[in-house]
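Here the structure comes first, spelled out in structure tokens, and everything after it is commentary.
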């Protein structure tokens, strides 16, 4: 099937890439390309790998030398399915005007990456978490046009250099906090309207980081009716991280505290702090989580959440936080967001296996592996 490209000569025709695996589950590393270890992926039966590329970092080194680009291409070369997200962060500064020197700089950064990854990665995502990575006062027409222009740039490059049978599917970056009405703004509506009206886009990405699984349903209820029937969604990040955080300053399980010699009144975050300073044997880490009702009652979250996504019939692929990275343990304290609880691989809180590989986190690995077979 061929489609006319928006904003391009009618002579340029685009042939749709082959359909993606329906409802796949893969490994998300975010920016931590250094954590990709094929031993972990093989043990987990994982076939998808996702990384994001912070675009301003390309000012320090050419994209061909950036670890995220090298790692995602290496994974693709080894036969893994791959997702690369292009991240444009402006959450601490004013958002650049379209046509400004800063905007042109982002176009140039994007242009430098595309020849390396187009036709090699399976999914390329324009924008990581655009609404979080910008200030609320900047959610206006300029914000939308900024990302729309970037998307059209990527679409044009694919049409010109990877048109026939190109393996790379295109998605727009992730929507956050759709469970909160305040985040369903005119800018959000325009975001999804653009995705729907752009035939070269396969769909949209969502990131449900939530307190309870029920909070993920508003994401689907809001997004799916606003897409074309042939479009899908991807979920490159999802978790119960805000539920974990709500329990960090509560007392750790009394039996665990007594057995392992912690002072009475030790809080959950302090147990994790101890594990980060001196990694626990796996049986001790597992005992901590198994004895914690806030975790044990939700240890099948991964399976339950994937069922909810898959039951829509519209999920292309989801990737779950795979390995405890350096940013998760840095400056640990009672208010630190406990992303490391999500991780399938406990590389920071648990001692390595005898062969030097990282141990699996309690509970997640069994469901992760089972989900590869469905």
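Numbering (our numbering), first residue to last: 713 to 1086.
Glycine included, every Cβ here is placed at the ideal spot set by N, Cα and C.
Using only the alpha-carbon positions, how far apart do residue 1067 and residue 1059 sit?
As the crow flies, the alpha-carbon of residue 1067 is around 13 Å from that of residue 1059.
With 16 other CB atoms within 10 Å as the buried threshold, where does residue 877 fall?
exposed
Check this for me: beta carbons of residue 1055 and residue 1085, under 7 Å apart or not?
no
Just the C-alpha distance for residue 808 and residue 970, rounded to the nearest angstrom, thanks.
Rounded to the nearest angstrom, the two C-alpha atoms are 55 Å apart.
Residue 847 by DSSP, collapsed to three states: which one?
Under the three-state reduction of DSSP, residue 847 is assigned to coil, being neither helix nor strand.
Keeping to the same chain, check which residues put their C-beta closer than 7 Å to that of residue 1003; ignore five residues upstream and five downstream.
Cβ within range, chain order: 965, 967, 968.
I need the DSSP call for residue 1010, collapsed to helix, strand or coil.
In this structure, residue 1010 counts as coil in the three-state DSSP scheme.
For residue 785 and residue 757, what's the separation of their Cα atoms in angstroms?
19 Å
Using the C-alpha atoms, what's the distance from residue 955 back to residue 919?
15 Å
Suppose you measure from the CA of residue 927 to the CA of residue 891; what does that come to, to the nearest Å?
6 Å
Among residues of its own chain, excluding the 5 on either side of residue 959, which ones have a beta-carbon nearer than 7 Å to its beta-carbon?
980, 1006
Please go through the same chain and pick out, in chain order, the residues whose beta-carbon is closer than 6 Å to the beta-carbon of residue 847, but skip the five residues on each side of it.
none
Assign residue 1028 to one of two classes, buried (16 or more other C-beta atoms within 10 Å of its C-beta) or exposed (fewer than that).
buried
Check each candidate in 1011, 759, 894, 917 and name the one with the smallest Cα separation from residue 840.
917
Please name the residue, chosen from 887, 870, 888, that lies closest to residue 881 on a Cα-to-Cα basis.
Residue 881 has its Cα closest to that of 870, out of 887, 870, 888.
For residue 867, which residues from the same chain have a beta carbon less than 6 Å from its beta carbon, with the 5 sequence-adjacent residues on both sides left out?
The beta carbon of residue 867 sits closer than 6 Å to those of 912, all from its chain and outside the five residues before and after it, given in chain order.
In or out: residue 714 buried (at least 16 other Cβ within 10 Å) or exposed?
The pLDDT assigned to residue 714 is 33, lower than 50, so where the model puts this residue is not dependable, and the model offers no usable value.
Just verifying my parser: in three-state terms, what is the DSSP assignment at residue 1051?
helix
Going by CA-CA distance only, name the one from 768, 810, 732 that's closest to residue 822.
Nearest option by C-alpha distance: 768.
Below 6 Å, is the gap between the Cβ of residue 746 and the nearest heavy atom of the ligand ZN?
This structure lacks the ligand ZN, and indeed carries no ligand of any kind.
Just checking my contact of residue 1050 with residue 985 at CB under 8 Å: how many whole Å lie between their CB atoms?
The C-beta distance from residue 1050 to residue 985 rounds to 11 Å, too long to fall under 8 Å, and the pair is not in contact.
Assuming contact is defined by CB atoms lying nearer than 7 Å, are residue 815 and residue 780 in contact in what I supplied?
no
Among all the DSSP beta bridges, which residues are the ones paired with residue 887?
Here residue 887 is bridged, per DSSP, to 918.
Please state whether the Cβ-Cβ distance between residue 766 and residue 817 is less than 7 Å.
no
Confirm, please, whether the CB-CB distance from residue 999 to residue 1079 is below 7 Å.
no
List the whole-angstrom C-beta distance separating residue 887 from residue 900, where the pair is believed to meet the contact cut-off of C-beta under 8 Å.
7 Å
What ranges does the beta strand (DSSP E) occupy inside the segment 851-913, keeping only unbroken runs of at least 3 residues that lie completely in it?
881-887, all fully within the segment 851-913.
To the nearest angstrom, how far is the alpha carbon of residue 942 from that of residue 914?
8 Å
Name the residue from 949, 944, 793, 1064 whose alpha carbon lies nearest to the alpha carbon of residue 883.
944
Please classify residue 1075 as buried or exposed, where buried requires at least 16 other C-beta atoms within 10 Å of its C-beta.
buried
Secondary structure at residue 988, three-state DSSP: helix, strand or coil?
helix
Name the two residues that bound the continuous beta strand (DSSP E) containing residue 925.
Unbroken run through residue 925: none, as it is neither H nor E.
Once DSSP output is grouped into helix, strand and coil, what is the label at residue 811?
Three-state result, residue 811: coil.
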